[in-house]
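Chemist: The structure's right below; bear with me while I get my questions together.
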Amino acid sequence: NYVEVQPGDALFVSPGTVHALGPGLVIYEIQQSSDLTYRLYDWGRLGLDGKPRAMHIDKGTAVSITEYAPTVLRGAGDRVLVECEYFRTTTRTFTGDAVEFPTHGAFHLLTVIEGALTVEAAGVSITVQHGQSAVIPAALPAYTVSGTGKLLTSWQP
(Lines of atoms letter the chains of each structure in order from A; the text may use other names.)
(Lines give C-alpha, C1' and ligand atoms only; values in the text may rest on other atoms or scores of the structure.)
Protein backbone atom coordinates (compact mmCIF):
# COMPACT_ATOMS: atom_id res chain seq x y z
CA ASN A 10 0.00 0.00 0.00
CA TYR A 11 1.23 3.48 -0.81
CA VAL A 12 -0.19 6.47 1.04
CA GLU A 13 0.13 9.94 -0.47
CA VAL A 14 0.79 12.51 2.26
CA GLN A 15 0.72 16.29 2.46
CA PRO A 16 2.11 18.77 5.03
CA GLY A 17 0.03 18.63 8.21
CA ASP A 18 -1.20 15.06 7.67
CA ALA A 19 -1.18 12.55 10.51
CA LEU A 20 -1.17 8.77 10.24
CA PHE A 21 -1.66 6.17 12.94
CA VAL A 22 0.29 3.03 12.09
CA SER A 23 -0.69 0.03 14.20
CA PRO A 24 2.05 -2.04 15.86
CA GLY A 25 3.31 -4.80 13.59
CA THR A 26 2.47 -2.91 10.41
CA VAL A 27 5.26 -2.95 7.84
CA HIS A 28 6.03 0.66 6.94
CA ALA A 29 8.66 2.87 5.36
CA LEU A 30 9.07 6.58 4.67
CA GLY A 31 9.51 8.25 1.32
CA PRO A 32 12.02 10.96 0.48
CA GLY A 33 11.59 14.55 1.66
CA LEU A 34 9.39 13.77 4.65
CA VAL A 35 9.82 15.20 8.11
CA ILE A 36 8.02 13.03 10.63
CA TYR A 37 7.17 13.12 14.30
CA GLU A 38 7.05 9.53 15.44
CA ILE A 39 5.46 8.66 18.74
CA GLN A 40 5.45 5.08 19.79
CA GLN A 41 4.67 2.76 22.63
CA SER A 42 7.79 1.98 24.63
CA SER A 43 9.39 -1.13 23.16
CA ASP A 44 12.87 -2.54 22.85
CA LEU A 45 12.04 -4.55 19.74
CA THR A 46 12.30 -3.51 16.09
CA TYR A 47 12.51 -5.91 13.17
CA ARG A 48 14.20 -4.56 10.03
CA LEU A 49 13.10 -6.04 6.73
CA TYR A 50 15.16 -3.64 4.59
CA ASP A 51 17.47 -0.77 5.52
CA TRP A 52 18.43 1.06 2.31
CA GLY A 53 22.14 0.39 2.89
CA ARG A 54 22.32 2.31 6.17
CA LEU A 55 25.24 1.60 8.44
CA GLY A 56 25.26 1.20 12.21
CA LEU A 57 27.45 3.20 14.57
CA ASP A 58 30.19 0.63 14.03
CA GLY A 59 30.24 1.40 10.27
CA LYS A 60 28.78 -2.00 9.35
CA PRO A 61 25.35 -2.76 7.87
CA ARG A 62 22.63 -3.02 10.51
CA ALA A 63 21.12 -6.45 11.21
CA MET A 64 18.08 -7.57 9.22
CA HIS A 65 15.32 -9.71 10.73
CA ILE A 66 13.51 -11.11 7.69
CA ASP A 67 12.15 -14.36 9.21
CA LYS A 68 11.12 -12.90 12.57
CA GLY A 69 9.76 -9.72 11.00
CA THR A 70 7.59 -11.39 8.37
CA ALA A 71 6.25 -13.85 10.97
CA VAL A 72 4.65 -11.03 12.98
CA SER A 73 3.95 -8.50 10.22
CA ILE A 74 0.59 -7.01 9.41
CA THR A 75 0.47 -6.42 5.66
CA GLU A 76 -3.25 -5.92 4.93
CA TYR A 77 -3.57 -2.71 6.92
CA ALA A 78 -3.65 0.74 5.34
CA PRO A 79 -3.42 3.62 7.83
CA THR A 80 -6.07 6.29 7.95
CA VAL A 81 -4.71 9.66 6.91
CA LEU A 82 -5.99 12.63 8.91
CA ARG A 83 -5.85 15.64 6.61
CA GLY A 84 -5.66 19.30 7.45
CA ALA A 85 -3.79 21.47 9.85
CA GLY A 86 -6.44 22.71 12.28
CA ASP A 87 -6.53 22.35 16.07
CA ARG A 88 -7.57 18.81 16.87
CA VAL A 89 -6.84 15.43 18.39
CA LEU A 90 -4.58 13.70 15.88
CA VAL A 91 -4.33 10.29 17.52
CA GLU A 92 -5.82 8.82 20.65
CA CYS A 93 -5.23 5.30 21.87
CA GLU A 94 -4.59 3.59 25.20
CA TYR A 95 -0.87 4.47 25.06
CA PHE A 96 -0.85 8.14 24.06
CA ARG A 97 -2.88 11.10 22.87
CA THR A 98 -1.48 13.64 20.41
CA THR A 99 -3.06 17.00 19.65
CA THR A 100 -2.29 20.16 17.73
CA ARG A 101 -3.17 23.64 18.90
CA THR A 102 -2.55 27.10 17.48
CA PHE A 103 -1.64 29.96 19.83
CA THR A 104 -2.08 33.65 19.04
CA GLY A 105 -0.41 35.26 22.04
CA ASP A 106 -2.63 34.64 25.06
CA ALA A 107 -1.35 32.35 27.80
CA VAL A 108 -3.21 29.06 28.24
CA GLU A 109 -2.74 26.77 31.23
CA PHE A 110 -2.81 22.98 30.85
CA PRO A 111 -3.03 20.46 33.70
CA THR A 112 -0.68 17.47 33.48
CA HIS A 113 -3.08 15.06 35.24
CA GLY A 114 -0.01 13.22 36.52
CA ALA A 115 1.37 12.39 33.05
CA PHE A 116 4.49 13.76 31.39
CA HIS A 117 3.79 15.95 28.35
CA LEU A 118 5.99 16.18 25.28
CA LEU A 119 5.62 19.58 23.57
CA THR A 120 7.01 20.24 20.08
CA VAL A 121 6.66 23.57 18.30
CA ILE A 122 5.78 22.96 14.64
CA GLU A 123 5.29 26.63 13.68
CA GLY A 124 6.55 29.87 15.21
CA ALA A 125 7.94 30.12 18.73
CA LEU A 126 6.16 29.57 22.03
CA THR A 127 6.97 30.26 25.65
CA VAL A 128 6.45 27.39 28.06
CA GLU A 129 6.33 28.09 31.78
CA ALA A 130 6.26 25.44 34.49
CA ALA A 131 7.28 25.48 38.15
CA GLY A 132 8.53 29.06 37.87
CA VAL A 133 10.81 28.29 34.91
CA SER A 134 10.12 29.91 31.55
CA ILE A 135 11.70 28.85 28.25
CA THR A 136 11.15 29.81 24.63
CA VAL A 137 10.72 26.82 22.35
CA GLN A 138 11.44 27.51 18.68
CA HIS A 139 10.09 25.79 15.57
CA GLY A 140 11.41 22.21 15.53
CA GLN A 141 12.34 22.17 19.21
CA SER A 142 10.71 20.20 22.02
CA ALA A 143 10.22 20.49 25.77
CA VAL A 144 9.23 17.83 28.29
CA ILE A 145 6.93 18.65 31.19
CA PRO A 146 7.49 16.16 34.04
CA ALA A 147 4.48 14.25 35.35
CA ALA A 148 5.21 15.51 38.88
CA LEU A 149 4.23 19.07 37.93
CA PRO A 150 0.53 19.92 38.28
CA ALA A 151 0.32 22.24 35.25
CA TYR A 152 2.18 24.32 32.66
CA THR A 153 1.40 27.43 30.63
CA VAL A 154 1.95 28.07 26.93
CA SER A 155 1.91 31.51 25.28
CA GLY A 156 3.15 33.18 22.12
CA THR A 157 2.38 32.82 18.44
CA GLY A 158 2.76 29.42 16.86
CA LYS A 159 1.49 25.89 16.62
CA LEU A 160 2.14 23.15 19.16
CA LEU A 161 2.08 19.38 18.89
CA THR A 162 1.47 17.85 22.33
CA SER A 163 1.65 14.17 23.31
CA TRP A 164 0.97 12.52 26.63
CA GLN A 165 -0.23 9.25 28.09
CA PRO A 166 -3.89 9.54 29.14
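Using the working numbering, the final residue of the sequence shown is 166, and nothing's skipped along the way.
Built from N, CA and C at the ideal position, the CB exists for glycine as well.
Would you decide whether LYS159 is buried or exposed? Buried here means 16 or more other CB atoms lie within 10 Å of its CB.
Modeler: Locating residue 159 in the sequence shown gives position 150, counting from the first residue. By the neighbour-count rule (16 or more Cβ atoms within 10 Å), LYS159 is buried.
Chemist: Looking only at its chain, what residues have a beta carbon closer than 8 Å to the beta carbon of ARG97, apart from the 5 residues adjacent to it on each side?
Modeler: To locate residue 97, count along the sequence shown from 1; it is residue 88. Only VAL89, VAL91, SER163, TRP164, GLN165 and PRO166 meet the Cβ criterion.
Chemist: Along the beta strand (DSSP E) that carries ASP7, what are the first and last residues, could you check?
Modeler: This structure leaves residue 7 out entirely; the chain is present only between 10 and 166.
Chemist: Would you mind giving the Cβ-Cβ distance between SER142 and LEU119, rounded to the nearest angstrom? I have them listed as a contact below 8 Å.
Modeler: Here residue 142 refers to the residue found at position 133 when the sequence shown is read from its first residue. Here residue 119 refers to the residue found at position 110 when the sequence shown is read from its first residue. Going by Cβ atoms, the distance from SER142 to LEU119 rounds to 6 Å, so yes, they are a contact pair.
Chemist: What residue ranges within the stretch 33 to 103 form continuous alpha helix (DSSP H) runs of no fewer than 4 residues, ordered along the chain?
Modeler: Segments of the alpha helix (DSSP H) lying fully in the stretch 33 to 103: 66 to 71.
Chemist: Alpha carbons only, please: which of ARG83, VAL72, ARG48 and ILE66 is nearest the one belonging to LEU20?
Modeler: Reading the sequence shown from its first residue, position 11 is the one you call residue 20. The candidate whose alpha carbon is nearest that of LEU20 is ARG83.
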